[in-house]
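Student:
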Amino acid sequence: MSTMSGLPETRSRFKSSKQEHTAAENVQPTGDATPNTAEALATGESESILLQMDKQYTKCLAICASRNSSYGWLRPLMKALENSCHGIPWLLLAAWAILNSRDVKNQTLALNLMLALIFDLIMVGVVKTAAKRPRPQHNEMDMFFTVSVDHFSFPSGHSTRAAMLLYFFLDQLVLPSFVKLGLIMWSVCVSLSRVMLGRHHVSDVISGFIMGLSQYVILHSVLWIEESRAGNIVHGIQQCFGLI
């Protein structure tokens, strides 16, 4: 009888122990102990540090953001570099080349140059509109012929254009070494001028340069107009203007 009377007590203890074990399994770890949370916090902290570094270097390198800056006397030179890579002069140059080229190879280069410039404007406009990053506070909005998207900072349109044109000419033209060096120096100086003038953050320029190189790769591999088609297109354009 004593054995039989002990069975309910044993079963009760077993049931209680099982309930405690189940309850322990259902307990969720706190946020502080979750590895994902720790990783997210670490990522957020690193992003914050990168942004702080970006702003710090941007401010330090803006040495001619105004005439009163430490190297304000360099501002006219930096603005000359800025204008040398403005979209309008390059579009006009490409249009002139299309209208005046007689050789099929030159017609192909001129037409694809125009396509590259238009492609660059579209891509930069789309990314700037999506990012909506404001320009640095020390920037003076005295740029030549701006549109609404030019009030945004990311990416640097001048840097994308300088990099794309550099890749375009180095890949498509047979040039002397000193001309190649000059093109490289020009594209780098144009990109540096964006930060020195206070127009862009450092990250805008670096991202823009990489984006410009990528744009040419896409242009050449996907969008490039071959000589057979390009010659016919340019011939038709020249006929419309009564040039032939």
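Mapping the sequence shown onto UniProt numbering, position 166 (from 1) lands on 166, and the numbers just tick up by one.
Beta carbons are placed, not taken as given, at the ideal position from N, Cα and C, and that holds for glycine.
All of these numbers come straight from a predicted model, not from anything done at the bench.
May I have the straight-line CA-CA distance separating residue 92 from residue 116, to the nearest angstrom?
Tutor: 13 Å
Student: Buried or exposed: residue 160, going by 16 or more other Cβ atoms within 10 Å of its Cβ?
Tutor: buried
Student: In three-state terms, what does DSSP make of residue 89?
Tutor: helix
Student: Between 177, 151, 143, which has its C-alpha nearest residue 130's C-alpha?
Tutor: 151
Student: Drop a sphere of 10 angstroms on the beta-carbon of residue 94, count the other beta-carbons inside from all chains shown, and report buried for 16 or more, exposed for fewer.
Tutor: Looking at its Cβ environment, which holds 16 or more other Cβ atoms inside 10 Å, residue 94 is buried.
Student: Nearest CA to the CA of residue 236: which residue from 99, 184, 173?
Tutor: With distances taken between CA atoms, residue 236 lies nearest to 99 out of 99, 184, 173.
Student: Where does residue 152 fall in DSSP's three states?
Tutor: strand
Student: Between 214, 68, 65, which lies nearest to residue 167 when the distance is taken from Cα to Cα?
Tutor: 214
Student: Below 8 Å on the Cβ atoms is my contact criterion, and I expect residue 82 with residue 158 to pass it. Report the Cβ-Cβ distance as a whole number of Å.
Tutor: 6 Å
Student: Run the CB neighbour count on residue 120, radius 10 Å, all protein chains shown included, and call it buried at 16 or more, exposed below.
Tutor: Buried.
Student: Do you know offhand how far residue 35's Cα is from residue 84's?
Tutor: Low local confidence applies: a pLDDT of 39 at residue 35 is under 50, so the model's placement there is unreliable, and no value is given.
Student: Thinking residue 154 and residue 128 are a contact (beta carbons under 8 Å), I'd like their distance in whole angstroms, please.
Tutor: 7 Å
Student: In whole angstroms, what is the alpha-carbon distance linking residue 55 and residue 48?
Tutor: Cα to Cα, residue 55 sits roughly 11 Å from residue 48.
Student: Cα separation between residue 219 and residue 226?
Tutor: 12 Å
Student: Kindly indicate which three-state DSSP category residue 176 falls into: helix, strand or coil?
Tutor: coil
Student: So, with DSSP's three-state summary, where would you put residue 76?
Tutor: helix
Student: When burial is assigned at 16 or more other CB atoms within 10 Å of the CB, is residue 216 buried or exposed?
Tutor: buried
Student: Assign residue 241 to buried or exposed, taking buried as 16 or more other Cβ atoms, counted over all protein chains shown, within 10 Å of its Cβ.
Tutor: By the neighbour-count rule (16 or more Cβ atoms within 10 Å), residue 241 is not buried but exposed.
Student: Spatial neighbours of residue 42 within its chain, please: C-beta separation below 6 Å, excluding the five flanking residues on both sides.
Tutor: Because the pLDDT of residue 42 is 45, which lies under 50, any placement of that residue in the model is unreliable, and the number read from its coordinates should be weighed accordingly. Answer for residue 42: no residue qualifies.
Student: How big is the Cα-Cα spacing for residue 111 and residue 68?
Tutor: 43 Å
Student: Give the straight-line distance between the Cα atoms of residue 164 and residue 197, rounded to the nearest whole angstrom.
Tutor: 21 Å
Student: Does residue 204 pass the burial test, meaning 16 or more other C-beta atoms within 10 Å, or should it be called exposed?
Tutor: Residue 204 is buried by the Cβ-count criterion.
Student: Using CA atoms only, rank isn't needed, just tell me which of 106, 174, 195 is closest to residue 137.
Tutor: 195
Student: What do you reckon, are the CB atoms on residue 140 and residue 70 nearer than 8 Å?
Tutor: no
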